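Have a look at the structure below before the remarks.
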Amino acid sequence: MKKFICSTLALVFIAASMVSCGDTKEKESASAAKEESTTSAETTTEAAESKSAEGAIGKWQCEKLVVDGEEMDNFFGIDAYALFQIELKDGNKGTFYSVLYSEDAKPQEIEWENKGDKIQLISKEVFDEDEVFFVEENGKMILNLSDEGDEEESSAVLAKVDEFKEIPEDIFDDIKAEGIETEESAAAGAEAETTENKE
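Per mature numbering (1 follows the signal peptide of the UniProt record, and there is no 0), the sequence shown runs over residues -21 to -1, 1 to 178.
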């Protein structure tokens, strides 16, 4: 998009320099053409960004993960829909919810910004200083989960939904059953170990 704007402006400036030696009527005509061309380019850019932003507004729920090239519909027993639920609202506001990142089981407030072909999700509380982007692909939004330097790309594929699926309160029971430690079970284990050492 930037190339299109720069190319358009370059053509306008070349045309303006060619007619700058003419009389006043030619200068006025070139000035009007330049203004019309610039306005047209700005309108086209704004319309494309507006269309992209309008399509992004709504509720997006994770339907699968792609980790090291392998597709998964759950992560250690947690269904994909509970991993990421993101709502983009008008006014560049929104919410982000993930059972992996939320301590109080409530969505976090975020902001978002249209960056042409992608949407940047912004929240220092949720993403620290990381730049997090949604990229539209075949009607889905792809959330890149890879770290810099990763050999294989990891991502979450989110689909637009009317309503989010409700996340059960016992979502971590499957994880505990598989022997994977959560913060709560780790704290309970540490407390039990301390009690045993005292005896």
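The beta carbon of each residue, even a glycine, is placed where N, CA and C say it ideally should be. Predicted, not measured: the structure shown is a model, and the values here were computed from it.
For residue i, the residue or residues it bridges with in DSSP
{"i": "Glu88", "result": "Thr74"}
{"i": "Ala138", "result": "Gln40"}
{"i": "residue 257", "result": "No information on residue 257 is available, as it lies outside the stretch -21 to 178 that the chain covers here."}
{"i": "Glu116", "result": "Lys119"}
{"i": "Glu66", "result": "Lys38, Thr74"}
{"i": "Val46", "result": "Glu49"}
{"i": "Leu100", "result": "Trp91, Val111"}
Neighbourhood of residue i by C-beta distance below 8 Å, restricted to the same chain and skipping five residues each side
{"i": "Ser102", "result": "Phe75, Gln87, Glu88, Ile89, Glu90"}
{"i": "Lys97", "result": "Phe112, Phe113, Val114, Glu115"}
{"i": "Glu92", "result": "Asn71, Ile98, Gln99, Ile101"}
{"i": "Glu110", "result": "Gln99"}
Contact set for residue i: own chain, Cβ-Cβ below 6 Å, skip 5 residues either direction
{"i": "Met120", "result": "Trp39, Phe113, Leu137"}
{"i": "Glu66", "result": "Lys38, Gly73, Thr74"}
{"i": "Lys144", "result": "Tyr60"}
Counted within 10 angstroms of its Cβ, other Cβ atoms place residue i as buried (16 or more) or exposed
{"i": "Gly73", "result": "buried"}
{"i": "Phe63", "result": "buried"}
Close beta carbons around residue i, own chain, < 7 Å, minus the five adjacent residues each side
{"i": "Ala59", "result": "Cys41, Glu42, Lys43, Leu44, Asp52, Asn53"}
{"i": "Asp69", "result": "Ile36"}
{"i": "Val105", "result": "Phe75, Tyr80, Gln87, Ile89"}
{"i": "Ile146", "result": "Ala61, Val78"}
{"i": "Leu124", "result": "Ser133, Ser134, Ala135"}
{"i": "Glu131", "result": "Asp47, Gly48"}
Fill in: Cβ pair count under 8 Å reaching 3, the region 80 to 95 against the region 43 to 55
no
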